[in-house]
Amino acid sequence: LGVSMDTWSYFHTCLVSIWLHRFYIYSAVAFGISLWIVIQFTTTRAKRKVTEPGRADKLGNGCAPPQAQDVHVAGVKIFYGSQTGTAKTFSKTLAEAVTSLNLPVEVINMGDYDPEDGLAEETSSRNICVFLVATYTEGQPPESAAWFCKWLEEAANDFRVGKSLLQGLRYAVFGLGNSAYVDHYNTVGRRVDRWLWMLSASRIMTRAEGDCNVAQSKHGSIEADFEAWKAKFLTRLQAFHKGEKKPCSGKCKKGKCKSSGKQNKESSDREHGTSEHENTEAEELFETSSEEEVGGTDSVIDVEDLGNIMGHMKKAKREQELQEGAAGAGRKEESERREMITPGLREALTKQGYKLIGSHSGVKLCRWTKSMLRGRGGCYKHTFYGIESHRCMETTPSLACANKCVFCWRHHTNPVGTEWWWKMDQPEVILQEAIEKHQNMIKQFKGVSGVKAARLEEALAVKHCALSLVGEPIMYPHINRFVRLLHQHGISTFLVTNAQFPEEIRRLEPVTQLYVSVDASTKESLRRIDRPLFKDFWQRFLDSLKALAEKQQRTVYRLTLVKAWNVDELKAYADLISLGKPDFIEVKGVTYCGESSASSLTMANVPWHGEVVSFVRELARLLPEYGIACEHEHSNCLLLAHSKVSLPPHTW
């Protein structure tokens, strides 16, 4: 019993001692645990540094499976939808830049791609998909991208298709358009961006929009717009490739992401319906797509989100008004205006044989001028009105036009616009350079086999100017001064207008002969054929014909017949002729200028001369005051003259 009591006393003394010194014991245990954690952390990092180079070598030698490597970007796929070839060219340029980053790249024509199967695979491929798509007539996609866009639209709006169909697909969109078409500017690019977003695809950057309208383009041309976006995209791509950046929730401002790292990106993107804004500069350069997503989807918006949405929309509207105001103020200052001819446009027109003058004019040698230099026949103006083709200068003081006609013989390489937004050259300078460049082109025929010396000498003295080369000459603000200068030099003038500027027609001083192009006789056919920029194009067209009737000078209607487009509208043509009461009516079959991605016309749309003759005879029966006066079969053209008009003495 005594031993037992001693043992218990000793044990009790130890317990009391431990309890009295418990603080020191706890501290020692905590220190030990902390030391163990630090040792484990340091050891793990050291092992990683040692093993990662070896693992990379194994991956490079193919000794380890690809899944062992953390791949952020496997490659880039560039999809393009192009009508005139610009988007295709941009795609190739972007592909070369991506290749320089040592990333796999593939360029795909949307017309050759099945989105139903292909896009679903991209959700897990770790590729970045880039969409470069143009907006064509009436806000429609190019023919090659029609099916792609149709499938995407149906998938986005079909309730039977899961809204997470493309979740995991990462993309960027660059739209190509022309802001002169106000109602349809970059419509297709915006829609593609919205449809992808509705199917839960993730943007890696804000949609960008290239503008063919030089005056409104943020960087001076669509090529410059693309280059600015490309530089930003490549920077973003490099960051993704290194794993430095991930798609954010759309709350970024001034380069700093304010969103929570734990917040799910997809739900956040869908909550705010907004594109990613990396920095203030990006917001200034490129338009976001948030407004369209808010208003474009048919989904229900949560009440809690209305405040954010309305605030964002008001902000976007204010920014747009400021931009429009800045643009309007810029147009007031001549020094701030841009040149109409961009470097890319200058190159394209020069290849076509144009001799460009200043920043918005041009001159070109007509094939009938070359023909008459050799002592051969002249053009229809020679047959109809006695104009000597070898002494005729074909020029324009404005390369811009307000239409994009399907039969444009320049394949839409010239700029378009509804008003004068560009820098302006003086008429004296334009005329002097036009004559000099025309004479230089004539001099190049000296010594050419078949060219007659007498004709060559005569051709150096210009006696007639056809203001019909390309574009809309009447848009040039100093057109009256330019015409007066031509007349002072003893040069007669034939001016052609596309019937979209009635007030300018009324203000125009008399020219030798004033033409109005009447390419169709109904509103719908004019829309399809001329593809005008003005919303009120039909009223402008009718007003232009009325303005022509008021002119106290020789006037002409020019009808261009396009088979299967406008040859069955005889009665409507007769009504338009009664409206404008022209002195002459030239009826000409359309000239096929070769295959062009900008037009669907083929040789099948060119009427035979016999068909043109039949059309004119039927038209003459409806117009008792007019009769067939002349014919130029080579040009597939006939002339109707009003009975009040005395035919020129040289008319054949």
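Position one of the sequence shown corresponds to residue 550 (the numbering used here), numbered consecutively onward. Ideal Cβ positions, reconstructed from N, Cα and C, are used throughout, including at glycine.
| Query | Result |
| --- | --- |
| Neighbourhood of L715 by C-beta distance below 7 Å, restricted to the same chain and skipping five residues each side | L668, T672, L745, L748, S749 and A750 |
| Selected residue, minimal CA-CA separation from V625, among G935, C761, V722 and L1187 | V722 |
| Three or more C-beta pairs below 8 Å linking the region 629-643 and the region 683-695 | yes |
| Residue environment, W1157, which counts as buried when at least 16 other CB atoms sit within 10 Å | exposed |
| Proximal residues to L1009 (C-beta, below 8 Å), its chain only, five neighbours per side dropped | Q988, I991 and K992 |
| Reduced DSSP category for F560 - H, G, I as helix; E, B as strand; rest coil | helix |
| Cβ shell of A1121 (< 6 Å), same chain only, five flanking positions each side left out | S1070 and T1071 |
| CB contact below 8 Å: Y1141 versus chain B | In the displayed structure, chain B is absent; only one protein chain is listed. |
| Sufficient close CB pairs (3 or more, under 8 Å) joining the region 1080-1090 to the region 947-955 | yes |
| Segment contact flag, the region 926-933 with the region 1171-1182, C-beta cutoff 8 Å, min 3 pairs | yes |
| Bounding residues of the beta strand (DSSP E) (the contiguous stretch that carries G726) | R719 to G726 |
| Exposed unless 16 or more other CB atoms sit within 10 angstroms - verdict on I1054 | buried |
| Cβ contact (3+ pairs, closer than 8 Å) linking the region 911-927 and the region 942-949 | yes |
| Selected residue, minimal CA-CA separation from T1151, among F1164, N1029, K1112 and Q787 | K1112 |
| Alpha carbon of V1065 to alpha carbon of R709, nearest angstrom | 53 Å |
| Residue environment, F639, which counts as buried when at least 16 other CB atoms sit within 10 Å | buried |
| At least 3 beta-carbon pairs within less than 8 Å: the region 1044-1061 vs the region 1014-1026 | yes |
| For D732, three-class secondary structure by DSSP | helix |
| Exposure label - S693; buried when at least 16 CB within 10 Å | buried |
| Where N1047 falls: helix, strand or coil (DSSP) | coil |
| Span of the alpha helix (DSSP H), counted from its first residue to its last, around Y934 | Y929 to Y934 |
| Three-state class that DSSP yields for V997 in the structure shown | coil |
| C-alpha distance - E968 paired with S947, whole-angstrom precision | 11 Å |
| 8 Å contact criterion, which T1104 and L1075 should meet: CB distance rounded | Contact flag wrong, Cβ pair sits at about 20 Å. |
| Environment of P691 [buried if 16+ CB atoms lie within 10 Å] | buried |
| CB contact flag (V679, F789, <8 Å) | no |
| Supposed contact pair Q1049 and F1086 - C-beta distance, whole angstroms, cut 8 Å | 6 Å |
| Meets three-Cβ-pair contact criterion under 8 Å: the region 757-770 and the region 723-733 | yes |
| Proximal residues to V654 (C-beta, below 6 Å), its chain only, five neighbours per side dropped | V625, A644, V647 and T648 |
| Limits of the unbroken alpha helix (DSSP H) element including N1029 | I1028 to Q1037 |
| Continuous alpha helix (DSSP H) stretch holding V647: start and end | T635 to T648 |
| Presumed contact (8 Å Cβ cut-off) between E1052 and R1033, rounded CB distance | The pair is not a contact, with the Cβ atoms about 19 Å apart (cut-off 8 Å). |
| N762 to W1114 span [Cα, whole Å] | 29 Å |
| Distance, L1005 Cα to Y662 Cα | 56 Å |
| CA nearest to the CA of E687, picked from Y730, Y720 and F697 | Y730 |
| Contained beta strand (DSSP E) runs [length at least 3] in the region 1157-1201, N- to C-terminal order | 1175-1181 and 1186-1191 |
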